[in-house]
Structure formats: structure tokens, C-alpha cells
Amino acid sequence: MLTSGLLRPVDDAHAIDEAALLRYAAEHVAGFPSPVRGLALTQFGHGQSNPTYCIEASAPGGVTARYVLRKKPPGAILQSAHAVEREFQVLKALGTYTDVPVPKVFCLCTDASVIGTPFYIMEHLEGLIYPDNKLTGVTPTKRKTIYLAAAETLAAIHKVDVTAIGLQKYGRRDNYCKRQVERWGRQYLSSTGEGKPARYQKMLDLAHWLKEHIPKEDSSAGFGTGLVHGDYRVDNLVFHPTEDRVIGVLDWELSTLGNQMCDVAYSSLPYIIDATTSTGYSYGGFEYTGIPDGIPPLEEYLAAYCSISARPWPAASWKFYVAFSLFRGASIYAGVYHRWTMGNASGGERARFSGKIANAMVDRAWDIINRENVLREQPARGMHVSNGPSQEFQRKHEGSISTKDQGKFVPSEKVMQLRNKLMKFMEDYIYPMESEFYKRAHSTSRWTIHPEEEKLKALAKREGLWNLFIPLDSAARARELLFEDMSHGSPGSSEELLLGAGLTNLEYGYLCEIMGRSIWAPQIFNCGPPDTGNMEVLLRYGTKEQQKQWLVPLLEGKIRSGFAMTEPQVASSDATNIECSISRQGDFYVINGTKWWTSGAMDPRCQILVLMGKTDFSAPKHKQQSMILVDVKTPGVQIRRPLLVFGFDDAPHGHAEITFENVRVPATNILLGEGRGFEIAQGRLGPGRLHHCMRLIGAAERGMNLMVERALSRTTFGKKIAQHGSFLADLAKCRVELEQARLLVLEAADQLDRHGNKKARGILAMAKVAAPNMALKVLDMAMQVHGGAGLSSDTVLSHLWATARTLRIADGPDEVHLGTIAKLELQRARIVAERKVVELSTTLRLALMTVFHVPSPTNMMLVFSLPTSTFSKYPPALMYITYRVSLLFGAAATASLTVVNFPLPSFATTTSAATCCCSRLRSDADTQDGNPRRTRPYPSNGSSSAPRRRWVGRRRTMASELETRWATW
Numbered sequence: 001m002l003t004s005g006l007l008r009p010v011d012d013a014h015a016i017d018e019a020a021l022l023r024y025a026a027e028h029v030a031g032f033p034s035p036v037r038g039l040a041l042t043q044f045g046h047g048q049s050n051p052t053y054c055i056e057a058s059a060p061g062g063v064t065a066r067y068v069l070r071k072k073p074p075g076a077i078l079q080s081a082h083a084v085e086r087e088f089q090v091l092k093a094l095g096t097y098t099d100v101p102v103p104k105v106f107c108l109c110t111d112a113s114v115i116g117t118p119f120y121i122m123e124h125l126e127g128l129i130y131p132d133n134k135l136t137g138v139t140p141t142k143r144k145t146i147y148l149a150a151a152e153t154l155a156a157i158h159k160v161d162v163t164a165i166g167l168q169k170y171g172r173r174d175n176y177c178k179r180q181v182e183r184w185g186r187q188y189l190s191s192t193g194e195g196k197p198a199r200y201q202k203m204l205d206l207a208h209w210l211k212e213h214i215p216k217e218d219s220s221a222g223f224g225t226g227l228v229h230g231d232y233r234v235d236n237l238v239f240h241p242t243e244d245r246v247i248g249v250l251d252w253e254l255s256t257l258g259n260q261m262c263d264v265a266y267s268s269l270p271y272i273i274d275a276t277t278s279t280g281y282s283y284g285g286f287e288y289t290g291i292p293d294g295i296p297p298l299e300e301y302l303a304a305y306c307s308i309s310a311r312p313w314p315a316a317s318w319k320f321y322v323a324f325s326l327f328r329g330a331s332i333y334a335g336v337y338h339r340w341t342m343g344n345a346s347g348g349e350r351a352r353f354s355g356k357i358a359n360a361m362v363d364r365a366w367d368i369i370n371r372e373n374v375l376r377e378q379p380a381r382g383m384h385v386s387n388g389p390s391q392e393f394q395r396k397h398e399g400s401i402s403t404k405d406q407g408k409f410v411p412s413e414k415v416m417q418l419r420n421k422l423m424k425f426m427e428d429y430i431y432p433m434e435s436e437f438y439k440r441a442h443s444t445s446r447w448t449i450h451p452e453e454e455k456l457k458a459l460a461k462r463e464g465l466w467n468l469f470i471p472l473d474s475a476a477r478a479r480e481l482l483f484e485d486m487s488h489g490s491p492g493s494s495e496e497l498l499l500g501a502g503l504t505n506l507e508y509g510y511l512c513e514i515m516g517r518s519i520w521a522p523q524i525f526n527c528g529p530p531d532t533g534n535m536e537v538l539l540r541y542g543t544k545e546q547q548k549q550w551l552v553p554l555l556e557g558k559i560r561s562g563f564a565m566t567e568p569q570v571a572s573s574d575a576t577n578i579e580c581s582i583s584r585q586g587d588f589y590v591i592n593g594t595k596w597w598t599s600g601a602m603d604p605r606c607q608i609l610v611l612m613g614k615t616d617f618s619a620p621k622h623k624q625q626s627m628i629l630v631d632v633k634t635p636g637v638q639i640r641r642p643l644l645v646f647g648f649d650d651a652p653h654g655h656a657e658i659t660f661e662n663v664r665v666p667a668t669n670i671l672l673g674e675g676r677g678f679e680i681a682q683g684r685l686g687p688g689r690l691h692h693c694m695r696l697i698g699a700a701e702r703g704m705n706l707m708v709e710r711a712l713s714r715t716t717f718g719k720k721i722a723q724h725g726s727f728l729a730d731l732a733k734c735r736v737e738l739e740q741a742r743l744l745v746l747e748a749a750d751q752l753d754r755h756g757n758k759k760a761r762g763i764l765a766m767a768k769v770a771a772p773n774m775a776l777k778v779l780d781m782a783m784q785v786h787g788g789a790g791l792s793s794d795t796v797l798s799h800l801w802a803t804a805r806t807l808r809i810a811d812g813p814d815e816v817h818l819g820t821i822a823k824l825e826l827q828r829a830r831i832v833a834e835r836k837v838v839e840l841s842t843t844l845r846l847a848l849m850t851v852f853h854v855p856s857p858t859n860m861m862l863v864f865s866l867p868t869s870t871f872s873k874y875p876p877a878l879m880y881i882t883y884r885v886s887l888l889f890g891a892a893a894t895a896s897l898t899v900v901n902f903p904l905p906s907f908a909t910t911t912s913a914a915t916c917c918c919s920r921l922r923s924d925a926d927t928q929d930g931n932p933r934r935t936r937p938y939p940s941n942g943s944s945s946a947p948r949r950r951w952v953g954r955r956r957t958m959a960s961e962l963e964t965r966w967a968t969w
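If you use full-length UniProt numbering, the sequence shown corresponds to residues 1 to 969, in order.
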């Protein structure tokens with residue numbers, strides 16, 4: 001269900017002072033609406049630990065911003081539990097320095113007087129949460145993807161370099177299991193006993209067994225230790241609403257540093273026990289009740305994790321890790337039940353059954369312990385446990401690439417079959433009909449449809465070459481909305497075939513390229529723009545009613561559509577400039593404005609336009625725009641004229657200038673809601689831009705073929721063109737650039753599949769810049785080889801060239817995409833620089849603590865607790881840090897550190913301070929090394945020289961490290 005579906009009214013026991021909260025949020029949350037017209041507070045019903053609320057703040061103009069507040073529960077709580085401060089710390093570090101998907105945090109309030117207990121505020125993620133680990137109601141394919149995405153995200157967490165992000169002191173890495181058994185044993189004793197729920201003797205026995213069987217690797221702080229989530233489960237993950245990827249990992253309350261295999265075992269508990277059952281008796285997990293169709297077996301889940309994280313197969317100690325996870329879970333549920341008896345459990349009535357679940361976990365742990373084997377010594381054949389992700393897991397969908405000793409971008413057998421069918425179709429039907437299509441396009445009947453086109457479309461449907469562009473996730477959503485009540489909507493039915501062949505973007509790339517070899521081909525397969533983008537919008541964001549009215553006819557190819565965004569009076573490459581207004585009047589929206597370059601609007605079959613305009617001119621810049629569906633027959637819609645592209649009108653498709661004068665459309669035609677236009681545009685343009693690039697690869701490939709044929713058949717100056725050295729060199733360069741662009745486009749498609757639009761935006765921009773420029777160069781060369789014929793309409797070259805040239809502007813000009821690429825490059829450089837600053841400040845702090853023999857000086861910690869925004873302003877940030885160092889040296893260890901506003905020193909002063917610190921370290925080391933009885937600075941008891949040698953070596957090493965890091969700056 002969507003995260004918003006988990007909301008309920010706030011429990012009386014968890015009510016807070018909303019006025020105080022509003023005052024605090026307005027002051028401390030960046031971008032908080034001001035002034036606030038209204039504040040609505042609801043509570044999330046899922047989860048039983050820290051109370052979590054949704055804040056909805058309404059500003060004038062109808063714009064509503066959502067935030068999430070997470071706080072400690074009221075009343076008496078166990079010591080060290082519900083640490084929202086630690087949650088905030090780890091979320092901020094991960095969100096700032098890593099790609100681990102976590103919500104953005106805004107502020108932390110440790111002042112309990114504001115709303116009763118400490119709390120923090122973070123962004124609201126609107127996505128899918130699966131409270132039921134069986135994933136009831138989810139398709140088998142999607143179930144597998146969800147569980148493997150969970151394994152991938154857990155591996156990403158475990159690969160984080162905690163030192164680089166400033167979390168090296170977040171906890172102890174060594175003896176994690178030993179300390180955790182002791183901690184949760186104490187927690188259990190605190191939650192049960194006299195005056196509390198009764199204790200379970202088997203739980204006490206389990207604690208004793210665990211202490212006796214702690215794995216040897218637990219005593220090490222090396223490989224396999226690092227950041228631990230502590231409560232990693234599928235229902236603590238937020239998935240993208242339409243893409244099968246994690247966009248947020250929640251509930252970091254128990255996070256620390258330690259043995260990461262404990263996380264893996266805890267996330268595997270659904271296979272062992274069903275802790276979601278309230279009144280059940282067996283509480284059996286998947287291995288008892290049967291694995292739901294699609295969910296991978298435990299071995300496959302573990303193999304996916306081990307493959308990505310490069311961890312060894314955990315068979316040797318798996319029994320302990322599972323038993324420990326059940327032990328810890330039992331302690332947590334016992335605490336929840338205890339809080340429920342006191343009336344302050346945030347999980348509501350679900351918490352009343354937590355006592356039974358706790359005892360069931362203990363019983364299941366003993367069942368695991370008493371087994372001879374719980375995991376085979378090695379994973380089953382075909383399951384990869386290696387230093388990198390397996391191809392099958394990376395692709396997320398079976399059959400996407402070949403696995404028979406071939407490269408990354410080798411099409412699978414399924415794709416090759418479709419590709420061969422498509423190429424044969426092109427050769428048998430499309431290429432022979434091109435001249436006929438062109439003749440009609442230049443006749444007086446050019447704005448009508450050639451009779452053969454509909455025949456070819458029917459043939460393409462029969463061949464299974466229809467709607468191939470539709471991605472799996474969009475098809476799944478449409479299937480649920482459109483065909484759930486159709487008894488004939490089974491696999492293989494006509495309705496099912498409308499939703500494509502179940503291809504990824506990468507797989508479609510091999511086929512889209514073939515279609516791009518002809519201007520006329522894409523529409524024959526119902527894969528032509530702008531219909532593909534508009535269908536994608538309706539597939540992803542349309543309501544059931546909108547899909548039935550407009551999407552189904554588009555999928556069937558009975559109608560066509562247009563996309564109205566660009567405006568003649570403003571620079572529409574910056575979509576915030578658009579001026580077309582969409583005004584709400586009762587149950588209607590009234591549209592006024594002028595659009596041009598509305599591709600497809602001239603087609604006599606065009607019945608629907610997707611229009612982007614502004615619903616609120618006073619809202620934040622990227623919340624003013626909305627998208628709405630407009631029937632072209634609505635009064636006030638006037639198609640003024642067709643526009644020419646280098647003399648081509650692209651009839652019967654066409655590009656129109658359209659005016660909208662008081663056009664009234666039903667309010668139900670709005671897509672996704674007011675202010676969501678940019679969000680929809682990004683979802684639409686990612687795949688759409690890539691489809692253009694794929695078709696350009698095909699256009700360039702056809703240009704290469706025509707060029708070579710011409711060169712082999714034409715003679716100039718006594719020899720074939722193909723024998724001229726200049727031609728050979730140019731031909732080779734064209735092939736090199738074409739193959740480079742093809743690989744870039746395929747890589748972009750692969751990243752779009754694996755990471756989604758946002759994370760793949762950099763390489764999508766690269767492809768959008770590279771593909772048109774490459775195609776223009778290849779087609780220009782082909783035209784040059786053809787001479788006068790290349791400039792005429794006797795070949796397709798001039799039309800292909802004109803189309804390629806428009807794509808340096810359409811869907812964003814080159815300059816916009818180059819700006820995106822450059823910004824991302826600078827952002828990566830800043831992240832690296834910020835990590836280096838953190839490392840440097842950490843080294844300086846350790847050096848100072850060593851010099852002045854202060855084990856944990858709070859004032860020195862403040863010196864290096866600079867905000868991230870400060871780090872981005874280096875070298876001033878470095879000067880700031882080392883100026884504090886010079887203060888400390890200048891007045892020993894007693895200098896005041898409360899002064900904030902003072903002039904920054906020069907770089908020379910900064911270097912001097914760092915050099916001074918290194919010199920002091922070396923001096924102390926040299927002095928102590930030559931005077932074994934000296935009591936300062938080394939507090940020796942004279943009993944052994946070994947500690948003194950370690951002390952001396954440590955200072956010399958620290959001085960060398962500081963000098964090395966400082967030299968890099």
C-alpha cells in the first residue's frame with residue numbers, strides 16, 4: 001500500500017502540541033510553507049517503536065507540503081532505547097555522502113519541552129510499503145524483484161565506508177554479538193518479571209546458549225563489520241510507486257557498527273517465522289507454510305546479497321545468526337507488549353499480540369538450534385557468490401541478457417527472436433512501402449492516412465510486434481487497473497497483448513533501433529512519438545477512468561495523440577517559463593494559451609492532447625505546472641497551422657500551432673493532481689528521450705548502409721568512391737562514433753532499468769547529446785557521398801538528417817543536457833572533497849587529543865562538528881579548523897572555543913598550525929623515546945617498555961598521516 005494509506009488519526013496517548021510544533025517547524029525546517037494556512041497531523045499505524053507522524057502544512061494558493069516527524073514515545077522507556085538522536089545522525093550522514101536511499105532529514109530537536117520528547121523532522125516519501133512479507137496481491141515477478149531489491153539495498157548499506165562519512169565513532173565494530181546478547185538479555189529482564197508480563201524460561205536458556213556459541217569472527221573489527229541497520233525488513237523499506245526499486249530505508253533506531261551478518265539473518269526471518277500474524281498458532285515462516293509464488297528461496301536471497309557485497313557464504317555460523325535474530329526479536333516484542341500493558345505502544349491494538357509472538361520466536365530459535373543443518377555448505381549450482389553482482393540479479397528480470405559466456409550488452413534469445421522478426425518485417429513491408437508513403441505525403445491527400453498503413457498495423461499485431469516500448473512495471477499497473485474485472489483478460493488474450501512483450505528499456509533498445517531506420521516504421525508498430533510518451537504518462541499516472549477512456553484506444557492504435565508544452569512567446573527549454581493558464585472553475589478547468597510544435601496534432605486520428613500549463617502562478621517555481629488531458633474537439637481548441645521542419649511537414653503526422661481560448665475540460669482530466677506537472681514530465685521524458693536516441697542509432701546505421709552501397713557502386717576520377725583514401729578514413733570514423741554512441745545509449749537504458757530516471761539522469765543527458773550529433777555526422781557524410789541525390793527526396797537521407805537535427809532541440813536542447821552533465825560532475829567532486837575534509841578533521845582531532853591528553857574534550861568535538869554547507873566552502877573550512885588549532889596551541893588547552901565570528905587566517909597561517917601540530921607530536925615522541933623514566937607526556941608506571949614504544953610509534957604514525965593528508969590540499 002502507499003505510505004499515505006498507513007495514516008490514521010493520532011492516538012490520544014500520543015497527542016502533541018501542534019501549535020508548538022508549527023512554531024518550531026517554521027523556524028527550523030528549510031522551505032517550510034509560510035505563512036501556513038492550516039496544519040494537519042496524522043499518525044502512521046505501521047510500526048510499534050517510535051511514534052511517527054505525518055505533517056501536512058497548507059500554504060495560500062492550495063499548495064500542501066508533507067513532512068514526517070519521528071519522536072521518542074512518552075512515559076518511562078528502557079535505557080538507550082528509542083534513540084531518535086542516533087537515527088538523525090545516521091540518516092544525515094547517509095543522505096549527504098552516499099547513494100543509500102534514505103529520506104532527507106531537516107532538523108533535530110533535543111528540547112523535550114517543545115512537544116514532550118525529542119524528535120526530528122524528515123521528508124515524506126510517497127511510495128509503496130509492503131507490511132505483509134508474503135506480498136499478498138503482488139504478481140510473482142514483482143515479488144521476486146522486491147526481495148532481490150531488498151538484498152541489493154542491504155548490500156549497499158553494508159558497503160558504506162563509515163570513516164569517510166564521519167560515522168567511525170558510531171559504535172564498536174568488535175564483539176558486537178557478545179554485547180548484543182547481553183544488551184537484549186537485559187532489555188528482556190527489564191520488560192518482564194514481577195509486576196510485568198511473565199518471563200519465559202526458554203528465553204533465559206536461549207541467552208545462555210548464545211553466549212556459549214558466539215562465532216570467532218565476532219571478536220574481530222575487520223572484514224564483515226561496519227554499519228548495521230539493526231531492524232532491516234521488507235516492511236521498513238519504501239519502494240518507488242511505479243518502479244521496483246527502494247527509495248527509502250526507514251527505522252534506523254537500532255543502527256550501530258558491528259557484525260553485519262546479523263542484519264542479513266534478521267532480514268531473512270520471514271523464511272523462519274511469521275511475526276505479522278496476530279491470532280495464529282504456528283507463526284510459521286515460508287519454510288513451514290510454503291514460499292509464495294515468486295519470492296526467491298532463502299538460498300537465492302542470500303546468494304544475491306553475498307554476490308553484491310562480496311561476502312562469503314555464511315553456512316558455518318548461520319545457525320547462530322538466525323537464533324540470535326530470533327532472540328533479539330523476542331526481546332523487542334516483549335518490550336512492545338510491556339509498553340502495550342502500560343498504554344504507550346505506538347502500534348495500537350496490534351501490540352496486544354506481541355507477547356505471544358515473542359514466545360513463538362523463542363520456540364522457533366530452539367527448533368533451529370536442534371537441527372543438524374540449517375544451510376547447505378555451498379549455494380546451489382547456478383547461484384553466484386562472487387566479488388560482484390550476478391548478471392541475473394543486476395538485470396532484475398529474467399532473460400534480459402544472455403548468460404552463455406557473452407558480454408554485457410548481448411541480446412537474450414527472446415530479444416534476438418523479436419529482433420529477427422522485426423528486421424524481416426521491415427525488409428518485407430516497410431522499406432518497399434516507403435516510396436508510396438512519401439508520394440502520398442507530397443500529394444493533395446497528404447493529411448489523410450494511406451490505406452496500407454492500417455493493414456500493416458494489423459499484421460504487426462498478429463506478429464507480436466505491437467507496443468513493444470511498454471516497460472514491465474507500467475504494464476503491471478495497467479493490467480491491475482484495466483483488466484482486473486475482465487474474465488477474458490488472461491495471459492495471451494488480446495487485452496494482455498496490448499501491454500507489450502514485457503521488455504526492459506535495455507531490451508527494447510535493440511528493437512527501437514531497428515524501427516529508427518525508417519521515418520514511417522515506429523507508427524506501424526504503435527511505438528511512435530509522441531504517442532509512446534503519452535501512453536507512458538497514462539500508464540504510470542492515469543486513473544482507471546482516464547485509462548479506459550483514452551489509454552485503451554491508444555494501445556489499440558485506433559486513435560493518436562499530441563503533447564502540448566512548447567510555447568512561441570517564451571523560451572520553453574526552461575519549462576518554468578510557460579504561460580498557458582489552467583484555472584479551476586467549479587467542476588472544470590479553463591485553459592487559455594498558445595502552443596506550437598505540438599507533434600501529432602495534425603493527424604486526423606488525433607483525439608487527445610496532453611497539455612502542460614500553470615494552475616498556480618504563485619506557488620513555488622516547480623509546483624506551478626500541471627498536466628491535463630484535452631479532447632481536441634473541445635470548443636476553443638483551434639489548430640492554426642502545420643509547421644515545417646526544413647521544408648518537411650511530416651504529413652499526415654504533422655507539428656501544429658494550437659490556440660486554447662477558454663477551453664473548458666472536466667476537473668477529472670487533471671493528471672496526478674495540481675502542481676505535479678514537473679514530476680510527470682521527468683517520468684515521461686526519461687524513457688522518451690532514450691527512445692529518440694535509440695531511433696537515431698538506427699537512422700545512422702541506415703545512413704552507413706546507404707553510404708557504403710553508394711561508394712561501392714559509383715566511380716569518380718577513375719576509381720570507385722570506396723577506393724579513395726579520404727572516404728575510407730571518414731567511413732572508419734563514422735563507424736567508431738556510431739558504436740560509441742550505441743554503447744552509451746545501451747548503458748543509459750541499463751541504468752534506467754536498474755536505478756530509475758533520477759539516478760540515471762546524467763547518462764541519459766550524455767546519450768541525448770551524443771546520439772543526435774553522431775547521427776548528424778554520419779548522415780551528413782552519407783549525403784556527401786550521394787552528392788545531389790543525397791539532398792533530394794529520392795533518398796531518405798535528407799529527411800533522416802532533418803529529424804536528427806530537430807532532436808538537438810526537441811526534448812531539451814544540447815545546452816540544457818550539457819549543463820546537467822557538468823553539474824553532476826561538480827557534485828561528485830564536491831562529495832569527494834567533503835569526505836577528504838571529514839578525514840582531515842578527524843585526524844586533526846585525534847592529534848589534538850593526543851597532544852593534550854584529553855580523552856574526550858567536548859569543546860574540541862565542537863571544533864570539528866561543522867555543518868556540511870561549511871565543508872563545501874573549502875579551503876576556508878580548512879582554515880577555520882586549523883585556526884582553532886592555532887588558538888589551542890597559542891593558549892595551551894584552555895583557549896575559549898565559544899567564539900564563532902572571527903576573521904579567517906591566511907593559507908600560510910593554516911599550514912603553520914598543521915605543521916605545529918605535527919612537530920609537537922614528533923617532539924613528544926622523540927623526547928619519550930630517549931627518556932624512559934620521564935612521566936610526561938607519557939604516564940608510564942615503569943613496568944614495561946612495550947607500552948612506551950607503542951605510544952611513541954602511534955604519535956609518529958599520526959604525525960605522518962596528518963602531514964600526508966594536509967599535503968594533498
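Beta carbons: idealized from backbone N, C-alpha and C, even for Gly.
The structure presented is a predicted model; accordingly, all values stated were derived computationally and were not measured.
Item, Value
"Ser886 classed as buried or exposed, judged by whether at least 16 other C-beta atoms fall within 10 angstroms", "Low local confidence applies: a pLDDT of 48 at Ser886 is under 50, so the model's placement there is unreliable, and no value is given."
"Assigned exposure category for Asp794 - 16 Cβ within 10 Å defines buried", "exposed"
"Beta-carbon proximity of Arg605 to Ile449, cut-off 9 Å", "yes"
"Continuous beta strand (DSSP E) stretch holding Asn662: start and end", "His655 to Pro666"
"Pick from Tyr321, Gly343 and His158 that is closest to residue 971, judged by C-alpha positions", "Since the first and last residues shown for the chain are 1 and 969, residue 971 lies out of range."
"Range covered by the alpha helix (DSSP H) that runs through Arg462", "Pro451 to Arg462"
"As assigned by DSSP and simplified to three states, the class of Glu182", "helix"
"Sub-9 Å separation of Asp753 and Leu506 beta-carbons", "yes"
"Rounded straight-line distance, which links the Cα of Glu701 to that of Asp405", "Any reading at Asp405 must be qualified, since the residue scores a pLDDT of 41, below 50, and its modelled position is unreliable; the value itself is stated next. Between Asp405 and Glu701, the C-alpha separation is close to 27 Å."
"Within 9 Å, strictly: CB atoms of Ser267 and Tyr232", "yes"
"Integer-rounded CB distance, given that Thr3 should sit under 8 Å from Gly127", "6 Å"
"Run of the alpha helix (DSSP H) containing Thr145, from where it starts to where it stops", "Pro140 to His158"
"Helix, strand or coil at Leu257 [DSSP, three-state]", "strand"
"Paired residues, beta bridge with Phe320 - DSSP", "Paired residue(s): none; Phe320 is not in a bridge."
"Residue nearest to Ile639 in terms of C-alpha spacing, selected from Gly654, Asp650 and Leu629", "Gly654"
"Start-to-end residues for the alpha helix (DSSP H) that takes in Asn467", "From DSSP, Asn467 is part of no alpha helix (DSSP H); its letter is neither H nor E."
"Burial state of His124 (16 or more Cβ within 10 Å)", "buried"
"Residue from Gly593, Trp550, Val552 and Ile559 whose Cα sits closest to the Cα of Thr566", "Gly593"
"C-alpha distance - Asp603 paired with Ile578, whole-angstrom precision", "25 Å"
"Other residues of its chain near Gly464: CB distance less than 8 Å, five sequence neighbours each side excluded", "Leu418, Lys421, Leu497 and Ala501"
"Rounded Cβ spacing between Ser798 and Gly790 (contact assumed at less than 8 Å)", "7 Å"
"Close Cβ partners of Thr909 (< 6 Å) along its chain, the five nearest in sequence each way excluded", "Any reading at Thr909 needs caution, since the residue's pLDDT is 46, under 50, leaving its predicted position unreliable; the model's value is listed next. Cβ neighbours of Thr909 beyond the five flanking positions: none."
"Reduced DSSP category for Trp366 - H, G, I as helix; E, B as strand; rest coil", "helix"
"Classification of Leu644 by the beta-carbon crowding that lies within 10 angstroms, buried from 16 upward", "exposed"
"Closest by C-alpha distance to Pro637, when choosing among Pro73, Asp235, Val665 and Gly647", "Before going on, a small fix: residue 637 reads as Val here, not Pro. Val637 has its Cα closest to that of Val665, out of Pro73, Asp235, Val665 and Gly647."
"9 Å Cβ cutoff met for Leu6 and Phe44", "yes"
"Chain D contact for Leu167 (CB, 9 Å cutoff)", "Reference to chain D is not applicable here, since this structure consists of a single protein chain."
"Span separating the alpha-carbon of Pro932 from that of Val952", "For Pro932, the predicted structure reports a pLDDT of 44, less than 50, and the residue's modelled location is therefore unreliable. A value from the coordinates is still provided. Each residue's Cα considered, the two are about 11 Å apart."
"For Lys623, three-class secondary structure by DSSP", "helix"
"Own chain partners of residue 1018 with C-beta closer than 7 Å, once the 5 adjacent residues on each side are dropped", "This structure leaves residue 1018 out entirely; the chain is present only between 1 and 969."
"For Gly284, the nearest candidate out of Gly248, Asp750, Pro314 and Asn359 (CA to CA)", "Asn359"
"Supposed close pair Ile121, Phe106 - CB separation, criterion 8 Å", "5 Å"
"Assumed close pair Trp366, Leu206 - CB separation to whole angstroms, cut-off 8 Å", "7 Å"
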